[in-house]
Amino acid sequence: MTQSDLQTAFDFIIQDDTLIYGVLKDLHVPRQRSNFADLYQIGVIAFVEAYDHFPGNIEVETHHFMVYAYQAVKWAIMMTFRKDNNRDKRIGFVNRANDDDSVMDYLDQVADPYCNPEEAAICNDLFERLYQACTPREKRFLVLRYFYNASLKEIAVDLNITRRTANNIKFKVQKKFSAILVYD
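Per UniProt numbering, numbering of the sequence shown is gapless, rising by one per residue and ending at 184.
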């Protein structure tokens, strides 16, 4: 793709970027999402690549190109979601929609199965110390959440408690873990 073709593609999408916003809306991505701008940029790049790879004449087959570009942008953004989801699965624990669980995120990163043995030893030590500091109910919560990747709803059912109580247990475990990290 030459520089002029690249510029033409960018000019084409800048004139009317509703296609990218339409894809994001179709995928239920709100504008308040923290990575909305990143997803928009991925859409722009996918649009430019679709412009380059379109087999027909874009000036003549504008509608066909827009359908082609829509699918290309949608697939590129969905691929980003898949990559993020796979990365989250490797990290462990649970998906978090917000950043309030920073303590648990720290445990997740230290517990990454792809980390080196030294980091794994640190993780095991931290988990053991946290486990020893917990009550029996908190220990069960920790095992279900950490090893079985159970949701709060599943933990509540297993412990025969409400979801709110399970959430309170989570906060207690987080406080204990914070205390362990602070005194280290």
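Beta carbons: idealized from backbone N, C-alpha and C, even for Gly.
A Cβ-Cβ separation of about 17 Å leaves residue 137 out of contact with residue 153 under the 8 Å criterion.
DSSP places residue 60 in no alpha helix (DSSP H); its state is neither H nor E. Counting only the Cα atoms, residue 183 lies some 43 Å from residue 28. Spatial neighbours of residue 121 in its own chain (CB-CB distance under 8 Å, excluding positions within 5 residues in sequence) are not present. Assignment of residue 28 by DSSP, reduced to helix, strand and coil, places it in the coil class.
Counting C-beta atoms within 10 angstroms of its own C-beta, residue 31 has fewer than 16 neighbours from the protein chains shown and is therefore classed as exposed. Here residue 83 is exposed. Its C-beta has fewer than 16 other C-beta atoms within 10 Å. For residue 13, the number of other beta carbons within 10 angstroms of its own is at least 16, and it is reported as buried. Of the candidates 166, 135, 25, 58, 58 places its Cα closest to the Cα of residue 5. Sorting 170, 67, 54, 61 by C-alpha distance to the C-alpha of residue 144 places 170 at the top. Residue nearest to residue 175 within the set 123, 69, 133, 16 is 133 (criterion: CA-CA distance). Secondary structure note for residue 2: it is in no alpha helix (DSSP H), with a DSSP letter that is neither H nor E. Residue 64 and residue 72 have their alpha carbons spaced roughly 12 Å apart. For residue 151, there is no enclosing alpha helix (DSSP H), as DSSP gives it neither H nor E.
In the three-state scheme derived from DSSP, where H, G and I count as helix and E and B as strand, residue 34 is classed as coil. Distance check between residue 77 and each of 37, 124, 51, 160 places 37 closest, using alpha-carbon atoms only. Scanning its chain for C-beta atoms nearer than 6 Å, with the 5 sequence neighbours on each side dropped, one finds around residue 9 the residues 48, 51, in chain order.
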